[in-house]
Amino acid sequence: MLEPRNNAELPAIPGKRYFTIGEVSELCGVKPHVLRYWEQEFPQLKPVKRRGNRRYYQRQDVIVIR
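Quick note, in the UniProt record's numbering, the sequence shown goes up one by one and the last residue is 66.
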């Protein structure tokens, strides 16, 4: 079972528009493969996909994941 995470332990979200999956992983304390899985399971999580199918998460996505 997952233990609740205290958001005070997580780094502040930088003031930029888009974040890579690696950046979101570090900001939220979640591995990239888990983020990819959550995209399939949770319809509210829809990162923008651009060149080469790379994912770009917005600030609101990071807040939802946290």
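No residue lacks a Cβ here, since even glycine has one placed at the ideal position from N, Cα and C.
Under the three-state reduction of DSSP, Val30 is assigned to coil, being neither helix nor strand. In summary, Val48 is exposed, with fewer than 16 beta-carbon neighbours lying within 10 Å of its beta-carbon over all protein chains present. Distance from the CA atom of Gly22 to the CA atom of Cys28, rounded to whole angstroms, is 10 Å. CA-CA distance, Arg55 to Glu9, rounds to 25 Å. Boundaries of the alpha helix (DSSP H) harbouring Arg59: Arg59 to Ile65, taken from the DSSP string.
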